[in-house]
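For the sequence shown, the residue numbers in my numbering are 1 to 384. Note that the Cβ used here is the ideal one computed from N, Cα and C, for glycine as well. All figures in this text were calculated on a predicted structure; none of them were measured in a lab. To start, the structure under review is shown below, and the notes come after it.
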Amino acid sequence: MTRLAIQYGAVNLSQGFPDFAAPEVLKKAASDAVFADINQYAITWGSKKFRDALTAKTKRFLDIDIDPEREITVCCGSTEGMMDVLLAVINPGDEVIVFEPFYENYGPDAIISGATPRYVQLRRPDWTFDEMELAAAFNNKTKAIIINTPNNPTGKVFSRKELEVIARLCQKWDVLAITDEIYEHIVYDGATHVSPITLDGMRERTIVVNGMSKTYSVTGWRVGYIIAPPGISGAIRKMHDFMTVGAPAPLQEAGAMALGLADSYYEELASHYLVRRNRLLAMLRNARFAAFVPKGAYYIMCDVGNFLSAGGFANDIEFCRFMVKEVGVAAVPGSSFFGDPASGRDIIRFTFCKKESTLAAAEERLTRLTNLLPGAESKSHVGI
Ligand SMILES: Cc1ncc(COP(=O)(O)O)c(C=O)c1O
């Protein structure tokens, strides 16, 4: 969709990368590191400075102690991190449970590692899962469950109660919880991020995958990290070594500084995105989209059934192409977040990690929808 947005000059609200500047202090720290000649390979599993800073931040926010020498692997973004983890823990024939809709990479990641993905539905409008359906997905072949909270694409923030249900099943079936917490600091409306690693009995079976991309608005730096028990970290470090050798050394140096930023940085990040969430919600409502109100991350899912019937579009993909070409706003077809594309054929995802001027340009373009599809009945706003 980003490529189509460029081709048709559309406002790009599809891919989740900020179009505003990264924090000044981070840019300065990165350039200082380059000029201080930190330009050669860092230690494979991450510079000591970064690992020590991460240990301190994990203690500060999650109140758990991790060993920087044996439990952290720094990698090239959490994307590499998820792949390293699956390659390290999966054996042929294993199954991995994935909640759906899911962040696009998990399905292919599971398949590349040799695992069979088993999907469990997060159901609209509040993206809850059915406990019986989840329990039925566990069996003797289940090696791991992937949990992404706060969630892309739904904006769901898993509650402590939901995570406890998952934790009990993980313990019952001796399953690993692989948790992608890349939006941990982006939550709204009093929602709290609960990391599964903090739950009773989960410390030794949780693998946290995270990174700097979203919290520090530096998706292009490619610095991520994995927190895992020592034995598993040993296997993960080997996978990471063979895949990329190491994450960018000067950016780990700047990352160490970023991880030490004051609490106010994280509070401001969340309030900055709250303003944008509310702005995009209002714009979408005016344009007659039925939006699911996100409690976290920076995406809004919308039911577009009204537009499909008004315009005679077969599915989300046709509608998104129309949106890019005729309306001038790019969004992601919902089917890309499902194992079976039919399950997402009437939803699309917008992102709001954009400048006010970008959102204003999208607002102006969205007014074209009314002229182009006058018959689309407005559906009510739906919330989590
Ligand atoms: C849930 C989730 N995990 C991981 C990533 C990728 O993160 P990274 O830039 O650290 O590879 C994204 C990016 O959109 C994401 O939404």
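Legend entry - Neighbourhood of ILE146 by C-beta, 6 Å cutoff - its chain only, sequence neighbours within 5 removed: VAL98, TYR106 and ILE178
Inset, instruction - Could you tell me whether the Cβ atoms of THR149 and GLU100 are closer together than 8 Å? - result: no
Legend entry - Three-state class that DSSP yields for LEU176 in the structure shown: strand
Inset, instruction - List in chain order the residues whose CB is within less than 6 Å of at least one heavy atom of ligand 1. - result: GLY16, GLY77, SER78, THR79, TYR103, ASN148, ASN152, ASP180, ILE182, GLY211, SER213, THR219 and GLY224
Legend entry - Beta-carbon proximity of ALA88 to MET243, cut-off 8 Å: no
Legend entry - Residues near ASP19 in its chain [Cβ-Cβ closer than 7 Å; skip 5 each side]: LYS354, LYS355 and THR358
Legend entry - DSSP state of PHE129 mapped onto helix, strand, coil: coil
Legend entry - VAL223 versus ALA262: straight-line alpha-carbon distance, rounded: 20 Å
Inset, instruction - Only counting runs of 3 or more residues, tell me where the beta strand (DSSP E) segments fall wholly within the stretch 155-239, in order along the chain. - result: 176-180, 206-211 and 224-227
Legend entry - Burial state of GLU95, where buried means 16 or more other Cβ atoms lie within 10 Å: buried
Inset, instruction - Go ahead and label GLN252 buried or exposed: buried means 16 or more other beta carbons lie within 10 angstroms of its beta carbon, across all protein chains shown. - result: buried
Legend entry - Distance, TYR188 Cα to ILE384 Cα: For ILE384, the predicted model reports a pLDDT of 47, less than 50, meaning its position is unreliable and no value from the coordinates is stated.
Inset, instruction - List the endpoints of the continuous alpha helix (DSSP H) containing PRO108. - result: 106-112
Inset, instruction - Reducing DSSP to helix, strand and coil, say where ALA297 ends up. - result: coil
Inset, instruction - Report back the beta-carbon spacing between ILE207 and LEU176 to the nearest angstrom; my notes put them in contact at under 8 Å. - result: 6 Å
Inset, instruction - Grab the span of the beta strand (DSSP E) containing GLU95 for me, first residue to last. - result: 95-100
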